Amino acid sequence: MKSAVIVFPASNCDRDAASALELLTGHKTEMVWHQDSDLPNVDLVVLPGGFSYGDYLRSGAMAGQSAIMRAVKAHAEKGGAVLGICNGFQVLTESHLLPGALMRNAGLKFVCRPVTLEVSETQSAFTRFYENGQQVVFPVAHGDGNYVADPQTLDRLEGEGRVAFRYAAGDNPNGSARNIAGILNEKRNVLGLMPHPERVVDPLLGGTDGTPLFKSLIEALS
Amino acid sequence: MKARVFVTLKTGVLDPQGKAIGHALEGLGFRGVGEVRQGKLIEIDLAETDEAKARAALREMCEKLLANTVIEKYEIELKA
Chain C
13 MKSAVIVFPA SNCDRDAASA LELLTGHKTE MVWHQDSDLP NVDLVVLPGG FSYGDYLRSG
73 AMAGQSAIMR AVKAHAEKGG AVLGICNGFQ VLTESHLLPG ALMRNAGLKF VCRPVTLEVS
133 ETQSAFTRFY ENGQQVVFPV AHGDGNYVAD PQTLDRLEGE GRVAFRYAAG DNPNGSARNI
193 AGILNEKRNV LGLMPHPERV VDPLLGGTDG TPLFKSLIEA LS
Chain Z
646 MKARVFVTLK TGVLDPQGKA IGHALEGLGF RGVGEVRQGK LIEIDLAETD EAKARAALRE
706 MCEKLLANTV IEKYEIELKA
């Protein structure tokens with residue numbers, strides 16, 4: 013599986029994502045600058061965590077308009093896989109690759125801690141190596157992770173099996189509707205999630221619960 | 646022309662920041678403070694002198710960037 017990580021000004025998990033990918037794929041990951049207008053020939057594009065453009069206007073709003081996002085949209089339209097983590101999820105909703113929006117955390121505080129998630133959909137290239145209902149622990153680190161969408165959109169996401177990850181009952185860190193932590197697009201080739209799977213792929217860093225997500229992608233895309 | 650664009654959360658969208666501001670006002674002893682909602686004011690200088698054209702351009706700016714219409718609404722105020 014060949015992969016690229018997009019680097020926006022003030023991305024700060026771009027190297028975490030690249031190092032997770034390189035560890036698990038054994039291939040070098042391409043780092044692509046936000047002003048580039050073309051993507052290298054890759055199977056997976058990762059929009060990393062961080063504070064792109066200083067979160068000016070709204071988290072992910074400026075990044076959603078950057079030159080590279082036109083290429084990312086074209087990649088997604090052709091069925092290419094896109095993974096947006098944290099700020100990357102915000103960029104995906106701002107650029108309408110995923111529905112809904114991520115608002116200020118209900119508790120108004122930046123939350124930085126491990127949270128327990130439930131894998132609620134395994135029929136995807138991102139989650140096939142998990143068990144349905146499996147509990148995993150990923151860290152979160154965000155101030156704007158409160159997922160909102162109108163009730164019809166939420167019903168549709170649930171009805172179509174597009175809620176990939178939920179915060180476990182009682183462990184919703186941000187007030188997200190229906191405990192939603194990560195969602196898939198209609199074609200199931202785009203996943204956005206607030207928690208950080210790329211930070212839990214090495215026992216030295218506190219866990220490996222994120223590894224199956226990357227192994228799923230490697231199997232699906234190689 | 647000079648434009649002022651007000652971007653606010655749609656009715657029904659929870660506004661935790663507005664709520665916190667309301668609590669702070671109560672804490673300061675201001676009585677009778679009801680619901681508080683906060684938003685953004687964006688001031689833009691435009692070269693356009695035709696009001697209808699300026700308004701159309703501003704609406705496009707709001708739809709494309711200034712507001713996230715999933716959760717926000719906008720109002721445009723224009724001055725010559």
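Just so you know, the protein sequences line up as chains C and Z, in that order.
With my numbering applied, the first sequence has no gaps in its numbers, which climb one by one up to 234 at the end.
With my numbering applied, the second sequence has no gaps in its numbers, which climb one by one up to 725 at the end.
Cβ atoms here follow ideal geometry from the backbone N, Cα and C, with glycine treated the same way.
Every value quoted in this text rests on a predicted model; they were computed, and no experiment measured them.
The contact set of L710(Z) on chain C, defined by CB atoms closer than 9 Å, consists of L69, A73, M74, G76 and Q77 in chain order. Contact between I97(C) and L205(C) holds, since their C-beta atoms are separated by about 6 Å, short of 8 Å. Under the DSSP assignment, N158(C) falls in the beta strand (DSSP E) whose first and last residues are N158 to V160. Beta-bridge partners of C124(C) (DSSP): A153(C). Annotation for G96(C): the continuous beta strand (DSSP E) segment containing it runs A93 to I97. With respect to the C-alpha of A189(C), the residue from V202(C), V175(C) and M13(C) having the closest C-alpha is V175(C). Among the CB atoms of chain Z, one or more fall inside 8 Å of the CB of L120(C).
According to DSSP, residue pairing for T139(C) in a beta bridge does not occur. Residues of chain C with a Cβ closer than 8 Å to the Cβ of Q662(Z) are, in chain order, R116 and L120. In the displayed model, Y719(Z) falls within a strand according to three-state DSSP. Using a CB distance cut-off of 8 Å, E143(C) does not count as an interface residue toward chain Z. For the stretch 663-683 of chain Z, residues whose beta-carbon sits nearer than 7 Å to a beta-carbon of chain C comprise A665.
Boundaries of the alpha helix (DSSP H) around T37(C): D26 to T37.
At the C-beta level, L703(Z) and F651(Z) stay beyond 8 Å of one another.
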